[in-house]
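Trainee: Protein chains in written order, with our numbering: chain P, 581 to 955; chain C, 3 to 122.
1) Which complete alpha helix (DSSP H) runs does the segment 879-919 of chain P hold, if anything under 4 residues is left out?
2) Do residue 883 of chain P and residue 766 of chain P have their beta-carbon atoms positioned less than 7 angstroms apart in this structure?
3) Should residue 695 of chain P and residue 48 of chain C be called a contact, given that it needs their Cβ atoms to be closer than 7 angstroms?
4) Can you tell me the Cα-Cα spacing of residue 101 of chain C and residue 37 of chain C, whole angstroms?
5) So residue 822 of chain P and residue 903 of chain P are in contact, right, with Cβ under 8 angstroms, and what is the actual spacing, rounded?
6) Go ahead and pull the three-state DSSP assignment for residue 679 of chain P.
7) Residues of chain P with CB under 7 angstroms from residue 64 of chain C, in chain order?
8) For residue 939 of chain P, report the span of its alpha helix (DSSP H) as first-last.
9) Span of the alpha helix (DSSP H) holding residue 781 of chain P?
10) Per DSSP, residue 672 of chain P is paired with what?
11) Express the C-alpha separation of residue 814 of chain P and residue 839 of chain P in angstroms, rounding to a whole number.
12) Would you mind working out which of C/107, C/97, C/95 and C/19 sits nearest residue 74 of chain C, comparing C-alpha positions?
13) If you draw a straight line from the C-alpha of residue 742 of chain P to the C-alpha of residue 657 of chain P, how long is it?
14) Residue 47 of chain C touches chain P at which residues, Cβ-Cβ below 9 angstroms?
15) Consult DSSP for residue 694 of chain P and reduce its assignment to one of helix, strand or coil.
16) Any residues in the segment 19-32 of chain C with a beta carbon nearer than 8 angstroms to a beta carbon of chain P? Which ones, in chain order?
17) Closer than 7 angstroms by beta-carbon distance: list the chain P residues that pair up with residue 52 of chain C, in chain order.
18) Name the two residues that bound the continuous beta strand (DSSP E) containing residue 793 of chain P.
19) Residues of the segment 642-665 of chain P in Cβ contact with chain C at a cutoff of 9 angstroms, in chain order, please.
20) As a quick exercise: from P/678, P/602, P/888 and P/944, pick the residue whose alpha carbon is nearest that of residue 780 of chain P.
21) Express the C-alpha separation of residue 52 of chain C and residue 63 of chain C in angstroms, rounding to a whole number.
22) State buried or exposed for residue 93 of chain C, treating a residue as buried only when at least 16 other CB atoms are found within 10 Å of its CB.
23) According to DSSP, is residue 37 of chain C part of a helix, a strand, or is it coil?
24) Assuming the contact rule is C-beta atoms closer than 8 angstroms, residue 877 of chain P and residue 856 of chain P should be a hit. Round their C-beta distance to whole Å, please.
25) Which of the three DSSP states, helix, strand or coil, is assigned to residue 954 of chain P?
26) Tell me the rounded alpha-carbon separation between residue 892 of chain P and residue 653 of chain P.
27) Taking 7 angstroms as the limit between beta carbons, can you name the residues of its chain near residue 667 of chain P, skipping five residues before and five after?
28) Can you find a CB in chain C that lies within less than 7 angstroms of the CB of residue 772 of chain P?
29) Can you pull the chain C neighbours of residue 677 of chain P, defined as C-beta to C-beta under 8 angstroms?
30) State the Cα-Cα distance for the pair residue 800 of chain P and residue 853 of chain P, rounded to the nearest angstrom.
31) Taking C-beta to C-beta, are residue 85 of chain C and residue 11 of chain C nearer than 7 angstroms?
32) Residue 772 of chain P: buried (16+ other C-beta within 10 angstroms of its C-beta) or exposed?
33) Under a three-way DSSP split, which group does residue 87 of chain C fall into?
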């Protein structure tokens with residue numbers, strides 16, 4: 581059936597090839613992940629000077645490290661000399677410097693080239709010019725965001741703007757004091773599906789009553805299929821008998837004290853394109869960071885954030901974490917179920933979106949718009 | 003005596019490289035002591051003045067060899083030969099070194115003259 585032949589209730593998705601093609605994925609790496617602000621790490625994971633993490637952003641490996649001055653910096657994880665990968669570990673701690681294991685070019689935590697064999701006999705080699713290549717960095721919500729673009733877009737427009745578009749203002753998220761919360765639990769999901777399937781899944785709730793029985797019990801309005809993200813400023817209300825955002829509706833943890841009364845007993849979900857999902861509930865915040873690694877593979881790191889005293893006291897978070905861990909597993913199984921279908925002849929021209937999913941069409945328009953750009 | 007710098011220009015924890023032949027590194031330790039040694043690590047051509055001082059030891063920035071700043075002795079390999087030490091003199095606010103007469107222990111690559119097309 582051609583696009584024009586669709587009945588009015590339905591609009592087309594992207595063609596299947598957009599979820600499988602190496603060329604499309606490469607264009608997305610250039611035009612989206614390497615061009616936009618990308619949420620890389622939780623700042624508190626780099627607790628002390630010398631602590632580092634490496635993450636994949638588009639086609640690049642990016643090294644993030646906390647300096648002796650307390651600042652987090654990001655660099656391309658590539659030795660300036662002959663191109664060896666500088667750090668091969670996902671995380672770790674160096675005492676003072678990063679050293680390339682090939683020729684021992686040595687960079688301090690600001691990226692400056694501090695030592696290399698025979699360097700003092702090459703006084704014309706500038707230690708900053710031939711230091712590590714810096715990547716733009718911002719901290720927000722307790723996360724370190726990086727941007728690989730030569731001229732990064734406005735963080736306020738791209739990142740903060742998405743939150744404002746969803747919640748109506750910035751105060752609504754500031755009341756959750758996300759930067760001061762502590763990671764109570766982190767789960768990493770290795771999902772065999774295209775990143776856009778994961779975004780689309782997060783954007784709609786047409787599937788909720790079918791695959792999320794626990795979530796629909798806690799948020800009964802999800803059974804109507806309209807996502808919490810459908811209306812600006814709307815948060816889905818907890819069911820009358822529900823005490824907290826937990827797998828069995830039992831009581832949650834201590835409420836974040838700055839959360840407003842009208843936000844209590846409600847669930848807000850935000851998609852910050854291209855790779856962040858945030859869920860706000862009165863006693864915790866859930867932040868997903870997606871790392872698209874291949875057309876059919878997306879790694880998702882999900883943090884459950886609570887008041888620091890809740891985490892420090894070793895409180896039982898299991899029922900709290902289990903609710904969205906189940907939701908994640910249910911969602912990612914659905915995404916993995918779709919991935920093989922993307923290369924079916926049936927899906928060559930794509931599938932269809934029902935009215936409660938039509939806002940996903942705007943996401944598709946956005947993706948297409950970004951693919952024209954890049955290098 | 004060779005003038006190095008003003009003491010005020012060499013804060014604790016810092017090093018000064020004197021462009022003699024071979025170059026000399028003068029260290030001001032966190033405890034306030036001053037030491038001078040050849041700046042070149044005896045293992046491979048690297049500047050010890052770019053390294054890190056802890057207590058009375060300097061660690062080479064390249065392969066983490068450690069030398070005792072008092073005696074020049076190796077306390078941590080891969081370096082095997084001691085680094086030559088020099089005498090530091092302070093007069094007023096001025097730092098001087100008196101160079102040692104002993105032969106230096108320079109690494110092979112710092113002695114050899116570069117040859118075009120030379121391979122490892």
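Just so you know, even glycine gets a beta-carbon here, dropped at the ideal spot from N, CA and C.
Mentor: Taking the definition as stated:
1) 888-892 and 898-918
2) The count along the first chain starts at 1 and reaches residue 766 of chain P at position 186. The count along the first chain starts at 1 and reaches residue 883 of chain P at position 303. Yes. Within cutoff.
3) On the first chain, position 115 is the one that residue 695 of chain P refers to. On the second chain, position 46 is the one that residue 48 of chain C refers to. Yes, the Cβ-Cβ distance between residue 695 of chain P and residue 48 of chain C is below 7 angstroms.
4) On the second chain, position 99 is the one that residue 101 of chain C refers to. On the second chain, position 35 is the one that residue 37 of chain C refers to. Whole-angstrom Cα-Cα distance: 12 angstroms.
5) As a working mapping, residue 822 of chain P is identified with position 242 in the first chain. As a working mapping, residue 903 of chain P is identified with position 323 in the first chain. Residue 822 of chain P to residue 903 of chain P, Cβ: 11 angstroms. No contact.
6) Position 99 of the first chain, counted from the start, is the residue given in the question as residue 679 of chain P. DSSP places residue 679 of chain P in strand when its eight states are reduced to three.
7) As a first step, residue 64 of chain C must be located in the second chain, where it is residue number 62. The contacting residues are 684, 686, 695 and 697.
8) The residue labelled residue 939 of chain P in the question sits at position 359 within the first chain. Segment 938-951, the alpha helix (DSSP H) holding residue 939 of chain P.
9) Within the first chain, residue 781 of chain P is the residue found at index 201, counting from 1. Segment 775-783, the alpha helix (DSSP H) holding residue 781 of chain P.
10) The residue given as residue 672 of chain P occupies position 92 in the first chain. Per DSSP, P/632.
11) The residue given as residue 839 of chain P occupies position 259 in the first chain. The residue given as residue 814 of chain P occupies position 234 in the first chain. The alpha-carbon separation between residue 839 of chain P and residue 814 of chain P amounts to approximately 15 angstroms.
12) Within the second chain, numbered from 1, the residue matching residue 74 of chain C stands at position 72. Comparing Cα-Cα distances from residue 74 of chain C to each of C/107, C/97, C/95 and C/19, the minimum goes to C/107.
13) Start at 1 with the first residue of the first chain, and residue 742 of chain P comes out as number 162. Start at 1 with the first residue of the first chain, and residue 657 of chain P comes out as number 77. If I take the Cα positions, the gap works out to 29 angstroms.
14) Reading the second chain from its first residue, position 45 is the one you call residue 47 of chain C. Near residue 47 of chain C (Cβ distances below 9 angstroms), the residues of chain P are 697, 698, 699, 700 and 701.
15) Counted from its first residue, the first chain places residue 694 of chain P at position 114. Strand, per DSSP.
16) From the segment 19-32 of chain C, only 19 and 25 have a Cβ closer than 8 angstroms to chain P.
17) Residue 52 of chain C sits at position 50 when you count from the first residue of the second chain. Result: 694 and 695.
18) Translated into positions along the first chain, residue 793 of chain P becomes position 213. Residue 793 of chain P -> not in any beta strand (DSSP E); alpha helix (DSSP H) instead, spanning 793-798.
19) none
20) In the first chain, the residue the question calls residue 780 of chain P occupies position 200. Among P/678, P/602, P/888 and P/944, the Cα nearest to that of residue 780 of chain P is on P/944.
21) Against the second chain, residue 63 of chain C aligns to sequence position 61. Against the second chain, residue 52 of chain C aligns to sequence position 50. Distance between the alpha carbons of residue 63 of chain C and residue 52 of chain C: 6 angstroms.
22) As a first step, residue 93 of chain C must be located in the second chain, where it is residue number 91. Residue 93 of chain C comes out exposed.
23) Against the second chain, residue 37 of chain C aligns to sequence position 35. Strand, per DSSP.
24) The residue you call residue 877 of chain P lines up with position 297 of the first chain. The residue you call residue 856 of chain P lines up with position 276 of the first chain. With a Cβ gap of about 18 angstroms, residue 877 of chain P and residue 856 of chain P do not count as contacting.
25) Your numbering for residue 954 of chain P matches position 374 in the first chain. Note that residue 954 of chain P has pLDDT 39, beneath the 50 cutoff, so the model's placement of it is unreliable and the number below is only indicative. Looking at residue 954 of chain P - three-state DSSP - the assignment turns out to be coil, as it is neither helix nor strand.
26) Start at 1 with the first residue of the first chain, and residue 892 of chain P comes out as number 312. Start at 1 with the first residue of the first chain, and residue 653 of chain P comes out as number 73. Each residue's alpha carbon lies about 28 angstroms from the other.
27) As a position in the first chain, residue 667 of chain P is number 87, starting the count at 1. Counting only Cβ-Cβ distances below 7 angstroms, and skipping sequence neighbours, we find 632, 634, 643, 657 and 678.
28) Numbered from its first residue, the first chain carries residue 772 of chain P at position 192. At a cut-off of 7 angstroms between C-beta atoms, residue 772 of chain P does not count as an interface residue with respect to chain C.
29) Residue 677 of chain P sits at position 97 when you count from the first residue of the first chain. Within chain C, the residues near residue 677 of chain P are 63.
30) Your numbering for residue 800 of chain P matches position 220 in the first chain. Your numbering for residue 853 of chain P matches position 273 in the first chain. Using only the alpha carbons, I get a separation of about 27 angstroms.
31) As a working note, residue 85 of chain C is residue 83 in the second chain. As a working note, residue 11 of chain C is residue 9 in the second chain. Their beta carbons are not under 7 angstroms apart, which means residue 85 of chain C does not touch residue 11 of chain C by this criterion.
32) Translated into the one-based positions of the first chain, residue 772 of chain P becomes position 192. Exposed: under 16 other Cβ atoms inside 10 Å.
33) As a position in the second chain, residue 87 of chain C is number 85, starting the count at 1. Reduced to three states, the DSSP call for residue 87 of chain C is strand.
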